[in-house]
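Visitor: Just dropping this structure here.
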Amino acid sequence: ADFSGTNTSSSVNNMFYDDYVATPNTQAVNVNRSGSVSEFNLAGAINISNQIYIGATLGLINLNYDYSMMLDEEGVSDDYLFKYDQNQITKGSGVNGKLGIIFRPVSEFRIGVNLQTPTWFTIDDSYTESTNDPDIGTEVYDFSYNLRTPLKGSLGASYVFGGRALLSADVDFVDYASIRLSSVDGGVGLQEINNSNNAIKAGYKSAVNYRVGGEVKVNDFVSLRAGYGLNGSAFKDDDANDFQTQFYSGGIGYRNKNYYFDVAYQRVQTTSTFSPYLLADFSEPVAVSENNKNNVFLTFGIRF
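This is the structure we're talking about:
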């Protein structure tokens, strides 16, 4: 990304940079992100007269996230080269619960409700920023804090047409403004926690997510599937819904009495923003990206 002509003189975390506004310089940014989220579930369910199904799940979650950003600036003078690096390592664990009920008044129709509790995370962050200026050096920040994600409620229904086709629809409600942070043994100051929570309440809102999908049996073994989903924007000032996420999917499945095999394709379209640094007067450059992700899923199972 090109961030030339940007004022980098304001301070971030007590680090100050020279002012080169309107100077014909060039800034280049390289960003790398990687990570994983794993979940171990303990689940149970009961069947009441083949009409009411009740299930519950306890989820144990582990997360890892690595982030690095390298900014190079040159062109102010022949021998000028400024480097600014950020690195973050995040590790955490959490727990949540899910409770769902499905009601099937007739064999073709089902309606269900699901409640997912917040996930209660304990998170450790290690954040480093540095420059090639020996007068500034390297700053290291270690944080430990608790994170509570939003409660999510879902409602869904499905109908089977003649045993050969299925249509389903789901809707979720999530209040992102209810995200909360809290300190772990004073690892983060109360004022910083309150500032972050106030910023969350001021900047986020509730959102509604929609999903609709269908399946058609070509014969006794092969099925075709298609679906669409829309996740509402979580940002309060996003009146145009620029930051909502859309999902398109399609797939084919093969099943017999001994095994099954599924292939699915998913396209995810969303918008994101990125700033290489933050400035006190909010004049930092912002890159707006239109993101398109293409995913392919393969599933193979054996029946016992």
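For reference, each letter of the sequence shown is one residue, going 130 to 433 in the numbering used here.
Heads up, the beta-carbon is just placed ideally off N, CA and C, and yes, glycines get one too.
Just list the alpha helix (DSSP H) runs in the stretch 295-382, keeping only unbroken ones of 4 residues or longer that don't cross its boundaries, in chain order.
Guide: Every unbroken stretch of the alpha helix (DSSP H) spanning 4 or more residues and falling wholly within the stretch 295-382 is given here in chain order: 319-332.
Visitor: Give a yes or no on contact between the stretch 369-386 and the stretch 328-335, applying the rule of three or more CB pairs nearer than 8 Å.
Guide: no
Visitor: Compare the beta carbon distance of S307 and L296 with 8 Å and say whether it is the shorter of the two.
Guide: no
Visitor: Return the Cβ separation of T267 and S259 in integer angstroms, given the expectation that the two are a contact with Cβ distance under 8 Å.
Guide: Taking 8 Å as the upper bound for CB-CB distance, T267 and S259 are in contact here, some 4 Å apart.
Visitor: Check whether the Cβ atoms of G241 and I231 lie closer than 8 Å to each other.
Guide: yes
Visitor: Less than 8 Å between the CB atoms is what I'm expecting for Y274 and S311, so what's the real figure, rounded?
Guide: 7 Å
Visitor: Measure the Cβ-Cβ separation of T186 and K227 and say whether it is below 8 Å.
Guide: Taking 8 Å as the Cβ cut-off, T186 and K227 qualify as a contacting pair.
Visitor: Going by C-alpha distance, which of A363, V289, Q217, I265 is nearest S255?
Guide: Q217
Visitor: Could you tell me whether the stretch 367-379 touches the stretch 388-406, using the rule of 3 or more Cβ pairs below 8 Å?
Guide: yes
Visitor: Thinking C-beta only, is V269 closer than 8 Å to Y200?
Guide: Reading off the sequence, residue 200 comes out as Leu, not Tyr. Cβ distance not < 8 Å, so L200 and V269 don't count as in contact.
Visitor: Please work out which residues of its chain come closer than 8 Å, Cβ to Cβ, to R432, disregarding the five sequence neighbours upstream and downstream, and give them in chain order.
Guide: K386, N387, Y388, Y389
Visitor: Thinking C-alpha only, which one of R293, L319, N179 is nearest V351?
Guide: R293
Visitor: Mind pulling the beta strand (DSSP E) runs of 3 or more residues that sit fully within the stretch 176-263?
Guide: 181-203, 210-235, 238-245, 249-260
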